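Q: By the count of the working numbering, the sequence shown reaches residue 1618 at its end, each step adding exactly one.
Sharing a structure below in structure tokens format, with a few things to ask.
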Amino acid sequence: MKKKVLIALFGLFSFVFTSCSNDENTEDQIAGRITDTIKLSQNEVNFSSASNSITITTQSKAWWLSGIDLNSDRIDVKKEDMLSENFKVINSEFQVERKDGTNIIITFNPNKTNAERVLYVTLQAGNRFEQIRVLQSK
């Protein structure tokens, strides 16, 4: 009798645990993927060597600046700027501005070097990271 009760309870618990799973996102959860809440309008830009500017939009304001790199060199950014809905990061080669929480304006000064310049602007929302890559020709 005890065996039948134990088998019935085991079967009931097995049914409850397997029926509560959500198959829609199981593959994403297993692979460690996180939903894109930033939703960049574009994440790759190519500029000529002349002075250029572009505005990239996001669908969400719930992100912050994680970092900026120019040619693999980390650019120092004030912590207050990283979390603000409006900020400007001004460098001798470029400017990154966030306006109204959803607009990112990236401006490059003319490239007078004899080398391409690559700028990475990294945004973060929770555990999700998105990068904007800007390549400026030589």
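Cβ atoms here follow ideal geometry from the backbone N, Cα and C, with glycine treated the same way.
Keep in mind that this is a model prediction, so the values were computed, not measured.
(1) Opposite R1554 in the DSSP bridges: which residues?
(2) Kindly indicate which three-state DSSP category K1568 falls into: helix, strand or coil?
(3) Taking the Cβ atom as the reference point for each residue, do I1514 and R1608 lie within a distance shorter than 8 angstroms?
(4) Using only alpha-carbon positions, find the residue among F1588, T1582 and T1602 that is nearest to Q1539.
(5) With a threshold of 16 other CB atoms inside 10 Å of the CB of Q1522, please say whether the residue is buried or exposed.
(6) According to DSSP, is K1559 helix, strand or coil?
(7) Can you tell me where the beta strand (DSSP E) holding T1517 begins and where it ends?
(8) Based on DSSP bridge pairs, tell me the residues matched to R1608.
(9) Below 8 angstroms on the Cβ atoms is my guess for L1603 versus S1533; work out the distance and round it to an integer in Å.
(10) For I1586 and T1535, I'd like the C-alpha separation in whole angstroms.
A: The structure says:
(1) Here residue 1554 is taken as the residue at index 74 of the sequence shown, counted from 1. Answer is D1549.
(2) In the sequence shown, counting from the first residue as 1, residue 1568 sits at position 88. In this structure, K1568 counts as strand in the three-state DSSP scheme.
(3) Here residue 1514 is taken as the residue at index 34 of the sequence shown, counted from 1. Here residue 1608 is taken as the residue at index 128 of the sequence shown, counted from 1. Contact flag set, yes.
(4) For the purposes of this step, residue 1539 is identified with residue 59 of the sequence shown, where counting begins at 1. When each option's Cα is compared against that of Q1539, the closest is T1582.
(5) Translated into positions along the sequence shown, residue 1522 becomes position 42. Classification for Q1522: exposed.
(6) Numbered from 1 along the sequence shown, position 79 holds the residue referred to as residue 1559. Looking at K1559 - three-state DSSP - the assignment turns out to be helix.
(7) The sequence position of residue 1517 within the sequence shown is 37, counting from 1. No beta strand (DSSP E) holds T1517; DSSP gives it neither H nor E.
(8) Position 128 of the sequence shown holds residue 1608. DSSP lists A1605 as partners of R1608.
(9) Walking along the sequence shown from the start, residue 1603 turns up at place 123. Walking along the sequence shown from the start, residue 1533 turns up at place 53. Their Cβ separation, rounded to whole angstroms, is 18 angstroms, which puts L1603 and S1533 out of contact at 8 angstroms.
(10) Taking the sequence shown and counting its residues from 1, one reaches residue 1586 at position 106. Taking the sequence shown and counting its residues from 1, one reaches residue 1535 at position 55. Using only the alpha carbons, I get a separation of about 6 angstroms.
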